[in-house]
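Accompanying notes for the structure given below.
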Amino acid sequence: MAEKKALLFIIKSTKIEELCKENDEKISRNIFITDSDGNILFGISGSVVDYDLFDVVSGIDGGENEGFYFDTVDNGKYMIVYARSRYNDLIFTEIIPQSVAMSKVNNIKQMTCYMVALYFLIGIVSAVSFAKRNSEPFNELAGKLKPFLQKLNGMPDEKTNSDELEYIRNGVDYLKNTVQQTYYELKDIFLERLFNGSFNNLEDLKQAGEKLNLSMDGSFYCVAVMELLFSETWEENIKRKAVQNIYEEISRSLPDFVLGVNLRKFRINFLFTLQSNNKESMDNIMNFVLKVKSSIQRDGRVNAACGIGLVVPSLTDVQFSYEQAIFTLNNVAKKSLKIIQYGDLPDSTLENIFYYPIEMEHKLINSTKAVAELSQIYFYNGEGRVLKTEHTVARKNAYHLKRGIIRHWQLYLLAIPPVAYLIIFKYVPLFGSIIAFKDYNFAKGILGSNWVGTKHFVKFFRSPQFKTLMVNTIGLSLYQIVAGILPPILLAVALNYARNRIFKKTVQMVTYMPYFISTVLIVGILSQLLSLNGLVNQVIKAMGLNPVHFMGEPKLFRTIYVFSGIWQNNGYNAVIYLAALASISPELYEAAIIDGASIWKRIYYIDIPSILPTAVILLILACGRVLSIGYEKVLLMQNNMNMQTSDIISTYVYRVGLVSMQYSYSTAIGLFQSVVSFILLVLVNRVSRKINETSLW
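Here the sequence shown stands for residues 4 to 700, where the numbers follow the numbering used here.
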């Protein structure tokens, strides 16, 4: 049976190790292995600057855009291993035997786990020893670790009185070097195959590129950057002439390209990009750069020149790659940059050369920021015409936005009604909230009414109803939240395990139907059932008991309100949890059944963890509505006998606002409601994010 192949991408950074050391800049190399859902199974991250104990660590989150990912294509015929870093400077690709890749990765994984365990133990014991000012705990650990290190490293059993700490450090260094060596061995395999000419599988490359969300279309863009360092003695017109010569040479040789030029006092940066379909055409542009460099050097117009080449997967990455390349070139020069402000260049022949004046002094490490401000790109088509951009990033974003609207115009059309509803009925009325700080008068209008500051807020806080309203509102809300959590979850889990499809759909429909019944009809049904002559009291009388006036009993109001709401909304909320349960992979259930897990264990270990994030989100939203209970149902159920517990903020606002026409006062109460609800929402969301990392934002 033929050995499976794996398609692998390696990202190589263009940063320079010595440069980073000099500027105390940490540049990391990362490998992260995830499953198909993006969960990190294993990771190593190493810094080319920090050679301390934590040079290579395990389990670090590499971010959403970087890491090694496993996937399959062609119905599982091939396994794809592809990697991506936050830089995306240079992408190599190669098909390698799966066993080779996995053996190397497993070697790294094993060694890294050993090393991290040692680091953790050494760090804990060292801290304890330091706190107690006693070296005994550390020496005890060192003695226990010696046999382990000897067995792992093949180190001899030294019978000397050598420093225990030094011995452990040597063992840790051995582990670290082994991991780094394995890492480089893994990389060398791919680089060797690449430079041996095996970079030719563009179809598989395109498939993997699509999985990386890169629009490659089977081709790359080669980016070449050249920097010319002028002598300070050369006059301005000589420098302009050099720029003009280069521009004309580029126009003749490369009609279909992207050109960017940064003009500085004694320095010029050029960017060339060329779309290409094979490695040979990628080399053409670099040969051209070398040609231009050598001709300029022969002419004596510059005293130094350097260049660099990058391969990027799409034109959208050109800007970032350009900044990375300029960063490298500037630091190769080993000197700080001083950007001097100039006036406009008078030579009309240079009108198509990018020139952007800026006044700034900065060090090497900040040169990328300057490039980001200076860089603009001109797009040339095949006919040599120039399409200027005022700002690359803004133009690119506008282009993608326009393209997205044209491509998905149906979705944008559907979004118009709800967006219009929010603007007209939610955002526009916010202007009227200012009457909470005014004594509103119909004749004077909103803007003409007199300002009274916080008068209405103070009036509400000092009113005798304030305490009762707050207690009733918060009590009813908390009762509703606590009692309403479990029923939809239990219903969703029960329906998820229902085997009879007809029964499942019938129950789902029956429980979902009350959600569409109007509130008026719900309260009417409750009044008929719970009245003194209603069905419930008829049953109570038949049992020889005295009838109960349910709707007039203050103690029963909250229970009737909450459980009637659960009956009405239970089916709707269960659908939300059913959607979360439907996203669970059937393979998890199959594996649990094979392992002998009962239905209760499957619910506890699979279903509950899967729906927990959804439950937390709904709980956060419910907590944000603690003071914002809708007044309709409460008002319909309210009467003089149950007013003691049924009077909440919403019904009070209705009475003082619409009935008594105290518009400013009622607006102040409503604004207080909204502010408190917003604060509660933010606080609960933050607490949730701290506890279980689930939140709205």
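Just so you know, even glycine gets a beta-carbon here, dropped at the ideal spot from N, CA and C.
Legend entry - Nearest-angstrom Cα separation, counted from methionine 644 out to lysine 558: Taking the sequence shown and counting its residues from 1, the one referred to as residue 558 is at position 555. Taking the sequence shown and counting its residues from 1, the one referred to as residue 644 is at position 641. Cα-Cα distance, rounded: 11 Å.
Legend entry - Rounded Cβ spacing between valine 526 and leucine 661 (contact assumed at less than 8 Å): As a working mapping, residue 526 is identified with position 523 in the sequence shown. As a working mapping, residue 661 is identified with position 658 in the sequence shown. Here valine 526 is actually not in contact with leucine 661; their C-beta atoms are around 19 Å apart, not less than 8 Å.
Inset, instruction - Determine, using beta-carbon pairs with one atom in the stretch 432-442 and one in the stretch 451-460, whether at least three such pairs fall under 8 Å. - result: Result yes; three or more Cβ-Cβ pairs closer than 8 Å.
Inset, instruction - Round the Cβ separation of leucine 498 and leucine 581 to the nearest angstrom and send it over; I've been treating them as touching at under 8 Å. - result: Here residue 498 refers to the residue found at position 495 when the sequence shown is read from its first residue. Here residue 581 refers to the residue found at position 578 when the sequence shown is read from its first residue. Beta-carbon to beta-carbon, leucine 498 and leucine 581 are separated by about 6 Å, close enough to satisfy the 8 Å threshold.
Inset, instruction - Pick out whichever of Val578, Leu472, Met546 has its Cα sitting closest to the Cα of valine 513. - result: The count along the sequence shown starts at 1 and reaches residue 513 at position 510. Checked all of Val578, Leu472, Met546; the closest Cα to valine 513 is Val578.
Inset, instruction - Go ahead and pull the three-state DSSP assignment for aspartate 610. - result: Here the question's residue 610 lines up with position 607 in the sequence shown. Helix.
Inset, instruction - Return yes when the Cβ of valine 619 is within less than 7 Å of the Cβ of threonine 697, no when it is not. - result: Position 694 of the sequence shown, counting from 1, holds the residue named residue 697. Position 616 of the sequence shown, counting from 1, holds the residue named residue 619. The answer is yes: Cβ separation under 7 Å.
Inset, instruction - Rounded to whole angstroms, what's the CA-CA distance from leucine 621 to leucine 699? Just pull it up for me. - result: Here residue 621 is taken as the residue at index 618 of the sequence shown, counted from 1. Here residue 699 is taken as the residue at index 696 of the sequence shown, counted from 1. Put simply, the backbone Cα of leucine 621 is about 10 Å away from that of leucine 699.
Legend entry - Residues sharing a beta bridge with lysine 441, DSSP: Here residue 441 corresponds to residue number 438 of the sequence shown, with the count starting at 1. In the DSSP output, where bridge partners are listed per residue, lysine 441 has Trp454.
Inset, instruction - Determine the direct distance from the alpha carbon of proline 517 to that of leucine 494, and round the result to whole angstroms. - result: The residue labelled residue 494 in the question sits at position 491 within the sequence shown. The residue labelled residue 517 in the question sits at position 514 within the sequence shown. Distance between the alpha carbons of leucine 494 and proline 517: 15 Å.
Inset, instruction - Closer than 6 Å by C-beta to threonine 522: which residues in its own chain qualify, once you throw out the five before and the five after it? Chain order, please. - result: As a working mapping, residue 522 is identified with position 519 in the sequence shown. Beyond the five residues adjoining it in sequence on each side, threonine 522 comes within less than 6 Å, by CB distance, of Glu635, Lys636 in the same chain, given in chain order.
Inset, instruction - Leaving aside the five residues before and after isoleucine 606 along the sequence, list all residues of the same chain whose C-beta is less than 7 Å from its C-beta, in chain order. - result: On the sequence shown, residue 606 is found 603 positions in, with the first residue counted as 1. Excluding residues within five positions, the ones whose Cβ falls inside 7 Å are Val496.
Legend entry - Buried or exposed (CB count within 10 angstroms, at least 16 for buried), asparagine 334: Within the sequence shown, numbered from 1, the residue matching residue 334 stands at position 331. With a pLDDT of 46 at asparagine 334, under the threshold of 50, the modelled position of this residue cannot be trusted, and the question is left open.
Inset, instruction - Report the rounded CA-to-CA distance for asparagine 642 versus glycine 555, giving the unit in angstroms. - result: What you label residue 642 is simply residue 639 of the sequence shown in a count that begins at 1. What you label residue 555 is simply residue 552 of the sequence shown in a count that begins at 1. Near 7 Å, if we compare the C-alpha coordinates of glycine 555 and asparagine 642.
Inset, instruction - Tell whether a beta-carbon distance below 7 Å holds between isoleucine 651 and isoleucine 632. - result: As a working mapping, residue 651 is identified with position 648 in the sequence shown. As a working mapping, residue 632 is identified with position 629 in the sequence shown. A contact, by the Cβ cut-off of 7 Å.
Legend entry - Close beta carbons around leucine 532, own chain, < 8 Å, minus the five adjacent residues each side: The residue labelled residue 532 in the question sits at position 529 within the sequence shown. So the qualifying residues of the chain are Leu538, Val539.
Legend entry - For threonine 697, the three-state DSSP class (helix, strand or coil): Reading the sequence shown from its first residue, position 694 is the one you call residue 697. In the displayed model, threonine 697 falls within coil according to three-state DSSP, outside both helix and strand.
Legend entry - Helix, strand or coil at glutamate 556 according to DSSP, with G and I counted as helix: As a first step, residue 556 is located in the sequence shown; it is residue number 553 there, counting from the start. Residue state, collapsed to three classes: coil.
Inset, instruction - Select from Ser667, Pro420, Ile672 the residue whose C-alpha is nearest the C-alpha of leucine 450. - result: Residue mapping note: residue 450 aligns to position 447 of the sequence shown, counting from 1. The shortest C-alpha separation from leucine 450 is found at Ser667.
Legend entry - Cβ neighbours of glycine 435 in the same chain (closer than 8 Å, five flanking residues each side left out): Counting from one through the sequence shown, the residue named residue 435 turns up at place 432. Cβ neighbours of glycine 435 beyond the five flanking positions: Ile449, Thr670.
Inset, instruction - Within its chain, find whatever has a CB closer than 7 Å to the CB of serine 530; leave out the 5 residues flanking it on each side and keep chain order. - result: What you label residue 530 is simply residue 527 of the sequence shown in a count that begins at 1. Closer than 7 Å at Cβ, skipping near neighbours: Met554.
Inset, instruction - Could you tell me whether the Cβ atoms of isoleucine 623 and asparagine 549 are closer together than 7 Å? - result: Counted from its first residue, the sequence shown places residue 623 at position 620. Counted from its first residue, the sequence shown places residue 549 at position 546. Contact flag unset, no.
Legend entry - Member of Ala585, Tyr443, Leu479 whose CA lies at the smallest distance from the CA of valine 455: On the sequence shown, position 452 is the one that residue 455 refers to. Considering only alpha carbons, the answer is Tyr443.
Legend entry - With 16 other Cβ atoms within 10 Å as the buried cut-off, status of serine 480: To locate residue 480, count along the sequence shown from 1; it is residue 477. Classification of serine 480: buried, given that the 10 Å Cβ count is 16 or more.
Inset, instruction - Compare the beta carbon distance of phenylalanine 560 and serine 649 with 7 Å and say whether it is the shorter of the two. - result: Taking the sequence shown and counting its residues from 1, one reaches residue 560 at position 557. Taking the sequence shown and counting its residues from 1, one reaches residue 649 at position 646. Yes, the Cβ-Cβ distance between phenylalanine 560 and serine 649 is below 7 Å.
Inset, instruction - Assign glycine 574 to one of two classes, buried (16 or more other C-beta atoms within 10 Å of its C-beta) or exposed (fewer than that). - result: Position 571 of the sequence shown holds residue 574. By the 10 Å Cβ count, glycine 574 comes out buried.
Legend entry - Where glutamine 641 falls: helix, strand or coil (DSSP): If you number the sequence shown from 1, residue 641 lands on position 638. Note: glutamine 641 maps to coil in three-state DSSP.
Legend entry - As assigned by DSSP and simplified to three states, the class of alanine 585: For the purposes of this step, residue 585 is taken as the residue at position 582 of the sequence shown. Note: alanine 585 maps to helix in three-state DSSP.
Inset, instruction - In the DSSP assignment, find the unbroken alpha helix (DSSP H) run with methionine 646 in it and report its ends. - result: Reading the sequence shown from its first residue, position 643 is the one you call residue 646. 646-649 is the span of the alpha helix (DSSP H), which, as asked, contains methionine 646.
Inset, instruction - Output the boundary residues of the alpha helix (DSSP H) element that contains arginine 504. - result: For this step, residue 504 is matched to residue 501 along the sequence shown. For arginine 504, the enclosing alpha helix (DSSP H) starts and ends at 504-515.
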